[in-house]
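As structure tokens, the structure follows; a few thoughts come after it.
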Amino acid sequence: MSALFPLELKAAETARRGQRLVGPVDVRLEGAGCTVVIGPNGAGKTSLLRLMHGTARLTGGSLRWGCGEAEARQRQAFVFQQPVMLCRSVEENLAYPLRARGVARGEARAKARAWAERVGLGAMLGRQAPVLSGGERQKLALARALIIGPEVLFLDEPCAALDGAATRDIEAILSEAKAGGTALVMATHDMGQARRLGDEVLFLLSGRVRERGPAQAFFEGPETAEAQAFLRGDII
226 MSALFPLELK AAETARRGQR LVGPVDVRLE GAGCTVVIGP NGAGKTSLLR LMHGTARLTG
286 GSLRWGCGEA EARQRQAFVF QQPVMLCRSV EENLAYPLRA RGVARGEARA KARAWAERVG
346 LGAMLGRQAP VLSGGERQKL ALARALIIGP EVLFLDEPCA ALDGAATRDI EAILSEAKAG
406 GTALVMATHD MGQARRLGDE VLFLLSGRVR ERGPAQAFFE GPETAEAQAF LRGDII
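At position 35 of the sequence shown (counting the first as 1) the number is 260 in the numbering used here, and the numbers step up by one without a gap.
In structure tokens form, the structure reads like this:
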């Protein structure tokens, strides 16, 4: 277990304009494998990830990392469903987070080229990022997040708008990252993806964690009636 973990939420809540989006939530993450966050639309999956990451304000309860908040922010990354691309080349997009951390230009560019090759974008180093296809942009977003060596990577529906081939490529990158020791916390609506990548499941409903457990046990026999209905495809 790294100094970053555990991540512990106790009665944690986040609200916007007086409306509670998530909580109260009691969760402790130990920083191993892939935690998949599932639930129906509007369950609070994105808000929970943003709360953990620190981009949603904690409005109740507590959230603590194993290290200080400032250090924790430097040791994590977030990939959004619709990644934001800098209006720069692929190489410059990849070098940017390293340069922002004080890495010398030459070293940053060398690492950018290596990561581009690693995710299948080696032939596109000079191409402007905003004109890439959806799958290429998501690969770039993943490489840009992973290039800093985060100990935990948060992912919000990273394959929601992608075809099967692009999804396979993204999952291969995530599997490699997980095997290398990066903890993944991923919201997904794709139960096949959750089964393939997940080591544990957090099932959310109405902003609350209704069930948690090892992924295999959850998918073979969820304990709660709500989770059973969700996996059947019922409207809950």
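Positions of the beta carbon are idealized from the N, C-alpha and C atoms, including for glycine.
Legend entry - Contact check, leucine 274 vs alanine 366, beta carbons under 8 Å: In the sequence shown, the residue the question calls residue 274 occupies position 49. In the sequence shown, the residue the question calls residue 366 occupies position 141. Cβ distance not < 8 Å, so leucine 274 and alanine 366 don't count as in contact.
Inset, instruction - Alpha carbon to alpha carbon, how far is arginine 369 from arginine 334? Give it in angstroms, no decimals. - result: For the purposes of this step, residue 334 is taken as residue 109 along the sequence shown, with counting starting at 1. For the purposes of this step, residue 369 is taken as residue 144 along the sequence shown, with counting starting at 1. Counting only the Cα atoms, arginine 369 lies some 12 Å from arginine 334.
Inset, instruction - Give me the Cα-Cα distance between isoleucine 398 and threonine 260, rounded to the nearest whole angstrom. - result: Locating residue 398 in the sequence shown gives position 173, where the first residue counts as 1. Locating residue 260 in the sequence shown gives position 35, where the first residue counts as 1. Going by C-alpha positions, isoleucine 398 is about 16 Å away from threonine 260.
Legend entry - Beta-carbon gap between glutamate 436 and phenylalanine 444 smaller than 8 Å: Here residue 436 corresponds to residue number 211 of the sequence shown, with the count starting at 1. Here residue 444 corresponds to residue number 219 of the sequence shown, with the count starting at 1. Cβ distance not < 8 Å, so glutamate 436 and phenylalanine 444 don't count as in contact.
Legend entry - Contact under 8 Å by Cβ, glutamate 255 with glycine 248: By one-based count along the sequence shown, residue 255 stands at place 30. By one-based count along the sequence shown, residue 248 stands at place 23. Cβ atoms of glutamate 255 and glycine 248: not closer than 8 Å.
Inset, instruction - Measure from the alpha carbon of alanine 354 to the alpha carbon of each residue in Ala386, Val377, Asp459, Glu316, then state which is nearest. - result: Here residue 354 is taken as the residue at index 129 of the sequence shown, counted from 1. Nearest C-alpha to alanine 354: Glu316.
Legend entry - alanine 408 to glycine 351 span [Cα, whole Å]: Translated into the one-based positions of the sequence shown, residue 408 becomes position 183. Translated into the one-based positions of the sequence shown, residue 351 becomes position 126. Within the model, the alpha-carbon separation for alanine 408 versus glycine 351 is close to 31 Å.
Legend entry - Local conformation of serine 287 per DSSP, three classes: Here residue 287 is taken as the residue at index 62 of the sequence shown, counted from 1. Three-state result, serine 287: strand.
Inset, instruction - Give me the Cα-Cα distance between serine 358 and alanine 391, rounded to the nearest whole angstrom. - result: Translated into the one-based positions of the sequence shown, residue 358 becomes position 133. Translated into the one-based positions of the sequence shown, residue 391 becomes position 166. C-alpha separation (whole angstroms): 10 Å.
Legend entry - Where the alpha helix (DSSP H) containing leucine 225 begins and where it ends: Nothing can be reported for residue 225, as the shown portion of the chain is limited to 226 through 461.
Inset, instruction - Run through the region 299–350 for me and flag every whole beta strand (DSSP E) of 3 or more residues, listed as ranges in chain order. - result: Runs of the beta strand (DSSP E) spanning 3 or more residues and lying entirely within the region 299–350 occur at 301–304, in chain order.
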